[in-house]
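**Q** Sharing a structure here in structure tokens format.
Residue numbers (our numbering): 136 to 301.
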């Protein structure tokens, strides 16, 4: 679902150009319509939708995949900075409309510790579904998040023809 720009809505603010990680959002040369953004290589789009979510005018749109928005359908995105959410609206060609709301998950710059600063996890944590620092970032027990009490299966030692298999 590569993005495309609706020129009538684009004000040339540059938010989409600045946020695009693959550098495919560019400005057109100033002409009759002025400076407008354009996706110069739709096939190289990473589909991160940063351009769609950051456009204050809603000028950057996306085409839906055929499996969930067949021809005639539309996908619209609205970013609400007051509630810190992104709203996705999918309109099917039969008139059905579905809404999806996602929180904007951001962390302050420099707040994520590099992996080499992570303490060695306890051996019983290695078999849990948690990632490094995840419990700490979720607020530990402040948010009512409890680590599951999982039993670590015992290592079975098997010896086959003089070779140990752990």
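Quick reminder that beta carbons are idealized off the backbone N, C-alpha and C, glycines included. What you are looking at is a predicted structure, and each value in this text was computed from that prediction instead of being measured.
Starting from the Cα of residue 154, find the closest Cα among 169, 250, 186, 139 and give me that residue.
**A** 186
**Q** Check whether the Cβ atoms of residue 232 and residue 239 sit closer than 9 Å, and answer yes or no.
**A** no
**Q** Identify which residue in 250, 209, 263 has its Cα closest to the Cα of residue 234.
**A** 209
**Q** So within the stretch 184 to 225, which uninterrupted alpha helix (DSSP H) runs reach at least 4 residues, ignoring any that extend past its ends?
**A** 185 to 189
**Q** Mind checking whether residue 157 and residue 195 have CB atoms under 9 Å apart?
**A** no
**Q** Report buried or exposed for residue 183, applying the criterion of at least 16 other Cβ atoms within 10 angstroms of its Cβ.
**A** Counting Cβ neighbours within 10 Å, residue 183 comes out exposed, since fewer than 16 surround it.
**Q** According to DSSP, simplified to helix, strand and coil, what is residue 153?
**A** Of the three classes helix, strand and coil, the one that applies to residue 153 here is helix, per DSSP.
**Q** Determine the extent of the beta strand (DSSP E) in which residue 136 is found, giving its start and end residues.
**A** Neither: residue 136 is in no beta strand (DSSP E) and is coded neither H nor E.
**Q** Determine whether the beta carbon atoms of residue 188 and residue 221 lie at a separation below 9 Å.
**A** Taking 9 Å as the Cβ cut-off, residue 188 and residue 221 qualify as a contacting pair.
**Q** Can you tell me the Cβ-Cβ gap for residue 145 and residue 171, rounded? I've got them flagged as a contact below 8 Å.
**A** 5 Å
**Q** Based on the DSSP output, what are the partners of residue 233 in its beta bridges?
**A** BP columns for residue 233 point to 225.
**Q** Alpha carbon to alpha carbon, what distance is there between residue 259 and residue 198?
**A** 46 Å
**Q** Between 223, 141, 193, which has its C-alpha nearest residue 174's C-alpha?
**A** 141
**Q** Quick check on DSSP: helix, strand or coil for residue 249?
**A** coil
**Q** Identify whether residue 238 lies in helix, strand or coil by the three-state DSSP scheme.
**A** In this structure, residue 238 counts as strand in the three-state DSSP scheme.
**Q** Which residue wins for smallest C-alpha separation from residue 159, given the options 169, 178, 143?
**A** 178
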